[in-house]
Structure formats: C-alpha cells, structure tokens
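In this text, residue positions in the sequence shown follow this note's numbering: the first is 4, and each later residue adds one. Each residue gets a CB set at the ideal place from its N, CA and C atoms; glycine is no exception. From a predicted model like this one, the values you see are computed outputs, not experimental measurements.
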Amino acid sequence: MPRLTIYQNNRRESTMISNLFIDEYMTDANDAQIKVYLYLLRMMNAHQATSVSDMADRFNYTEKDVIRALAYWEKRQLMDLDYDNNQNLIGIHIHEISASETADMESSIPAASCFVPAPVFKAAPTISMSSVPADMPPQKAAAAFTAPSGERPPIASPYEKPSYSADQLQAFKNQQETGQLLFIAESYIGRPLTPSEMKTILYFTDVLHFSDDLIDYLLQYCVDRDKKDFKYIEKVAVSWAEQGITTPKQAQKMSVRYDKNVYVIMNGLGKSGSPTMKELEYITRWLKDYHFSTDIIMEACERTVLATDKHRFEYAESILNNWKRQNVRHKSDILTIDDRYHQRKKNDTAGQKQFSNRFNQFTQNQYDFDVLEQELLSN
Numbered sequence: 004m005p006r007l008t009i010y011q012n013n014r015r016e017s018t019m020i021s022n023l024f025i026d027e028y029m030t031d032a033n034d035a036q037i038k039v040y041l042y043l044l045r046m047m048n049a050h051q052a053t054s055v056s057d058m059a060d061r062f063n064y065t066e067k068d069v070i071r072a073l074a075y076w077e078k079r080q081l082m083d084l085d086y087d088n089n090q091n092l093i094g095i096h097i098h099e100i101s102a103s104e105t106a107d108m109e110s111s112i113p114a115a116s117c118f119v120p121a122p123v124f125k126a127a128p129t130i131s132m133s134s135v136p137a138d139m140p141p142q143k144a145a146a147a148f149t150a151p152s153g154e155r156p157p158i159a160s161p162y163e164k165p166s167y168s169a170d171q172l173q174a175f176k177n178q179q180e181t182g183q184l185l186f187i188a189e190s191y192i193g194r195p196l197t198p199s200e201m202k203t204i205l206y207f208t209d210v211l212h213f214s215d216d217l218i219d220y221l222l223q224y225c226v227d228r229d230k231k232d233f234k235y236i237e238k239v240a241v242s243w244a245e246q247g248i249t250t251p252k253q254a255q256k257m258s259v260r261y262d263k264n265v266y267v268i269m270n271g272l273g274k275s276g277s278p279t280m281k282e283l284e285y286i287t288r289w290l291k292d293y294h295f296s297t298d299i300i301m302e303a304c305e306r307t308v309l310a311t312d313k314h315r316f317e318y319a320e321s322i323l324n325n326w327k328r329q330n331v332r333h334k335s336d337i338l339t340i341d342d343r344y345h346q347r348k349k350n351d352t353a354g355q356k357q358f359s360n361r362f363n364q365f366t367q368n369q370y371d372f373d374v375l376e377q378e379l380l381s382n
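Listed below in structure tokens is the structure:
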C-alpha cells in the first residue's frame, strides 16, 4: 500500500505563551503590562510591524503607559530595551523564559536569547518585521519600533511595587503583627488571600509605609464601594501615598472628594468646599447609619434652609433622626407623616376656637351668690 502524503493547507493562527509566564509573572502584573507583553508576542508571531503609538491606540492607553509597561518587563528581566543617543526607544530584545530564571527571580540578568538587532531609523514610524525569519520562535524574536520623538526612559516611581520572593513573603507572614493584619484583610474580602494578594499587603507596609490602621481603613473604604479586587485596592493605596496620606483621618477627608453625594448634600445645606470632620460625620451617619437615600436627605436639607441659617447640620440631624424613628424609607413616607402632623394641628386649632371669645379666655370662677348675700347681711 503506497504511503500517503499529508498537505497542510491552513496556516497556524496562534501565539505560544510560556506556562512559566502565566504561573510566575502574570499574577503580579497589571492589565496594561499583560496586554503590552502579549501583544508584542502576537505581533512577532505574525511578523507584523508595530509601534508605541499603535499599542497605545489599540488599548486606549497613553504612550507613557506603554513605555512604563515595557520598563516593568525589563525590570522583571523578560526583555531589554535599546535606546539611541537621544534616548529614543529603538528596539526590544525579549528573553526566553526558562525554569532556571523563575527559580530565583532576584538572580542576575540572564543572557538574551537570539534576536534580530534593531537598526536605528531616524524618521520611520514603524519598523517592518519582514526581516524576521518565519521559523523563529516568537520568544526569540525582537520587536523593533521607534518611540515618539524626545521620549525619555521612564523614571522609576518611588512607589513601584517590588517583585517579592517566596522567602520575603514568608518572613513577612512570620512577623507578630502580620497575622492580625491578614485576618482583617480576609474578613473584609470574605475569603483567604492568595500569595499575590499577601504580597500586595506587604507592599503597603514595606514601600508605602502604611500603618495597620490605614490599611484597615483602605480595605474598608474599597469594600464599602463593592471593590474587592486587589488591583483596584492597590491603585487607591498608591494614590493616597502620592497625596501624602498617612492616617485614616486624612484618608477619610480626602476620600470625600470622590463621593458626589457628599458635595450634593453640602450644597443642599448652602455649604461650599470640602466638609469638616464634624460635617462629614453627620453626612456619613445619614448615608451609612440611617441608610437614607439622597432624595430624602435633600428634602431635610431643603426644610432646614427654609427654617434657619445657623446650625444647619444640627437642625437637619433633628429632622432625619425623627424620620428614622418613624421608620421613613421612601419620600412618600414623609408625606404621610406631614399629613398626620397637619391633621393633628388642625384638630388642636379647632379645639382652641371653642374658647376663643373675650369672656371665656380666662379661667372662670363659680360663686354661690345666696351664700355671699347671707354673709353680707350678717355683717
């Protein structure tokens, strides 16, 4: 029986990604870093041209976001970046990921795998990948492209998250205070923390220098907004660090800038600017403790402004506290309370009108005139 010849008519439309990248590197990277890395592999596999601006437009990032993502992977030792004499980015050398590299992430930079050198182009917006051999693995190819003119290598942020090793994480967990801190975090999140999330907690204490109380408030702040994702929590933490926040009180005062309801209520009471701590306590009580919607609080604010121009927060508190005692849940409940009040006032007024003539406005005395006459005659 003759041998059969098998012909492949379809071309492979896939990109190979190392399992070690998924297991060891992807967990600590943010969305932009992952997208940029995967897109580079995909473009090299397809032998297509790309650029910083192309990636920025595709993922709706800024060009600086893309540059920062590339710098992150260079720090993680997955690629090298080439710059010309004017500090323009002109080439990338991607390293092949091996098990020996992930065994010790703090080891020296491994030698670059085979790559195509990136020539310097003065005016070309992109560099074609046609010179890359078709059979070269994507991890061993080089992505060569030009960066925007005048783009400088990104300056390392003082709040950049380190790549903590397993030993560093274990040493952190062995600290006396860490157990309680992790327990608090798990209570807020509602599940055990992953090693990556524990490293984020370590980052808060090690790099951002957050106290346990501030981390507690940070977690509470995010969970109250239905944000339990640690990527979101980390972004909030970095934002606080950049603003110089070191205490829960500072964070509380700063966080109101992101709560539109606070400013709506402030304006409703005729106030402008950020609230004081006392004013914020009132607003937080109305929203969180009394569980009133904004329209109910604004109704109380409107009545307050019509009634007084002093001590308005205290006056509004008396109204809302009364409504809470009467189990107000909707604005229609307020109308019911108003109707009862007006009916009671009407009944009181009707009762008072029965004694509204000039003769019976005073307490009437009752005398026995026969007895009085007898007393006068006897005298």
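CA nearest to the CA of residue i, picked from the options
{"i": "residue 91", "options": "169, 36, 171 and 55", "result": "55"}
{"i": "residue 264", "options": "243, 301 and 229", "result": "301"}
{"i": "residue 325", "options": "314, 311, 313 and 341", "result": "341"}
{"i": "residue 254", "options": "270, 223, 21 and 266", "result": "223"}
{"i": "residue 290", "options": "245, 202, 275 and 266", "result": "266"}
{"i": "residue 252", "options": "226, 235, 245 and 216", "result": "216"}
{"i": "residue 168", "options": "232, 188, 231 and 79", "result": "79"}
{"i": "residue 177", "options": "192, 201 and 188", "result": "201"}
{"i": "residue 299", "options": "49, 336 and 36", "result": "336"}
{"i": "residue 256", "options": "279, 244, 247 and 268", "result": "279"}
{"i": "residue 181", "options": "281, 209 and 245", "result": "209"}
{"i": "residue 21", "options": "63, 38, 275 and 44", "result": "44"}
{"i": "residue 248", "options": "27, 28 and 211", "result": "211"}
{"i": "residue 246", "options": "226, 227 and 213", "result": "213"}
{"i": "residue 28", "options": "329, 82 and 226", "result": "82"}
{"i": "residue 171", "options": "281, 69, 204 and 194", "result": "204"}
Classification of residue i by the beta-carbon crowding that lies within 10 angstroms, buried from 16 upward
{"i": "residue 58", "result": "buried"}
{"i": "residue 95", "result": "buried"}
{"i": "residue 309", "result": "exposed"}
{"i": "residue 352", "result": "exposed"}
{"i": "residue 384", "result": "Since the first residue of the chain shown is 4 and the last is 382, residue 384 is not available in this structure."}
{"i": "residue 271", "result": "buried"}
{"i": "residue 235", "result": "exposed"}
{"i": "residue 36", "result": "buried"}
{"i": "residue 250", "result": "exposed"}
{"i": "residue 25", "result": "exposed"}
{"i": "residue 316", "result": "buried"}
{"i": "residue 48", "result": "buried"}
Supposed close pair residue i, residue j - CB separation, criterion 8 Å
{"i": "residue 293", "j": "residue 241", "result": "Not a contact, Cβ separation roughly 33 Å."}
{"i": "residue 30", "j": "residue 296", "result": "With 8 Å as the limit, residue 30 and residue 296 do not qualify as a contact, their Cβ atoms being about 40 Å apart."}
Cα-Cα separation, residue i to residue j
{"i": "residue 283", "j": "residue 218", "result": "21 Å"}
{"i": "residue 332", "j": "residue 303", "result": "13 Å"}
{"i": "residue 173", "j": "residue 207", "result": "16 Å"}
{"i": "residue 239", "j": "residue 344", "result": "47 Å"}
{"i": "residue 17", "j": "residue 196", "result": "34 Å"}
{"i": "residue 32", "j": "residue 40", "result": "10 Å"}
{"i": "residue 334", "j": "residue 312", "result": "24 Å"}
{"i": "residue 243", "j": "residue 84", "result": "31 Å"}
{"i": "residue 71", "j": "residue 323", "result": "50 Å"}
{"i": "residue 274", "j": "residue 232", "result": "35 Å"}
{"i": "residue 98", "j": "residue 38", "result": "17 Å"}
{"i": "residue 237", "j": "residue 183", "result": "20 Å"}
{"i": "residue 230", "j": "residue 327", "result": "29 Å"}
Collapsed DSSP secondary structure at residue i in the structure displayed
{"i": "residue 96", "result": "strand"}
{"i": "residue 383", "result": "As shown, the chain starts at 4 and ends at 382. That puts residue 383 outside it, with no answer to give."}
{"i": "residue 140", "result": "Caution applies to residue 140, whose pLDDT of 46 falls short of 50 and renders its modelled position unreliable; the model cannot decide the point."}
{"i": "residue 84", "result": "strand"}
{"i": "residue 180", "result": "coil"}
{"i": "residue 298", "result": "helix"}
{"i": "residue 3", "result": "For the chain, the structure presents residues 4 to 382; residue 3 sits outside this window and is missing."}
{"i": "residue 284", "result": "helix"}
{"i": "residue 69", "result": "helix"}
{"i": "residue 52", "result": "coil"}
{"i": "residue 220", "result": "helix"}
{"i": "residue 271", "result": "helix"}
{"i": "residue 205", "result": "helix"}
{"i": "residue 162", "result": "coil"}
{"i": "residue 314", "result": "coil"}
7 Å Cβ cutoff, residue i in contact with chain B
{"i": "residue 255", "result": "Note that chain B does not occur in the displayed structure, where there is just one protein chain."}
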